[in-house]
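Worksheet: one structure, shown below.
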Amino acid sequence: MGFHRYVALGDSFTEGVGDPDPHRPNGLRGWADRVAEALAVHQPDLGYANLAVRGRKLGQILDQQLEPALAMRPDLVTVYAGANDIMRPQVDLDALVAAYDAGLGRIAATGARLLVWTAFDPGGSAIYRALRGRFALYNELVRESADRHGATVVDFWRMRDYRDWRYWDTDRMHMSTLGHQRMAVHVLDTLDVSHDLPLPTLPERETPGRAQRLAADLAWTRSFAVPWVHRRLTGRSSGDTVTPRHPDLGPFA
């Protein structure tokens, strides 16, 4: 079937952080733009809105994005949420997904095709590995909610090719341009939409020496880890001054 009104909700993952494009709003492209572009080939009158904003927690996504999305009467909705909650020092996963479930129920009740994501498996990351159990529990609760509402799950946890760091940005938190393209291909295939978007060609794998690895880790700590911790301690977010890239449903361009 063709989609006429596609609305994307979420945080930095859906906003497109890690995939720079100076000619687009917020200087980003991202997997959702790629999906909309492919959908528009089949449905030239496609309306597309992307309400995602980096740093948003699940409650903020529901409070700030759900009502505007429903007002657009979408027939396709994608939602990625929860990662910014999971990485907080404390989180009540049952309460978190209960709120998520209520929001997903409202979207599903409209009859729109609904796609939701599990969180990525951090088992291959020295930084996030300690949270693996929390991620796994969250994912199981999300799968239960998706089953309850007839939503399609994009199972990021099981996409093992993302264990390859060439799919990730230098901040080690967001997908790179190649990662966003790979995700767009997966989403289009999940929707059973024909497209000509190729799987990305990965660059040759580098094998840095110990000194290079230490230098890279130090640069990452200074440029990304320390600012991230500082924002957490001061109650600020990377999205405090950011607005949605495509706040209104309009033609894809």
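In UniProt numbering, the protein residues as written are 1 to 253.
From the three backbone atoms N, C-alpha and C, an ideal C-beta is built for every residue, glycine too.
As the structure is a computational prediction, the values presented were derived from the model and not from experiment.
Round the Cβ separation of Gly82 and Ala52 to the nearest angstrom and send it over; I've been treating them as touching at under 8 angstroms. The pair is not a contact, with the Cβ atoms about 13 angstroms apart (cut-off 8 angstroms).
Three-way DSSP call (helix, strand, coil) for Val79 in this model: DSSP places Val79 in strand when its eight states are reduced to three.
Flag this pair as yes or no: are the beta carbons of Gly2 and Asp19 separated by less than 8 angstroms? Inclusion of Gly2 and Asp19 in the CB contact set at 8 angstroms is not warranted, their separation being larger than that value.
Span of the beta strand (DSSP E), counted from its first residue to its last, around Trp117: 113 to 117 is the span of the beta strand (DSSP E), which, as asked, contains Trp117.
Following the continuous beta strand (DSSP E) through Val193, name the residue where it begins and the one where it ends. Careful: Val193 lies outside any beta strand (DSSP E) and carries neither H nor E.
With C-beta atoms as the reference, is Arg54 less than 8 angstroms away from Gly209? Against a cut-off of 8 angstroms, the Cβ pair of Gly209 and Arg54 comes out as no contact.
What does the alpha-carbon distance come out to for the pair His174 and Gly111? Taking the straight line from one Cα to the other gives about 31 angstroms.
Straight-line gap, Gly47 to Leu249 (C-alpha atoms, nearest Å): Going by C-alpha positions, Gly47 is about 5 angstroms away from Leu249.
Nearest to Ala151 by alpha carbon, out of Thr190, Ala95, Arg172? Checked all of Thr190, Ala95, Arg172; the closest Cα to Ala151 is Thr190.
Under the assumption that residue 254 contacts Tyr100 (Cβ atoms under 8 angstroms), give the Cβ distance between them as a whole number of angstroms. Absent from the structure is residue 254, since the part of the chain shown begins at 1 and ends at 253.
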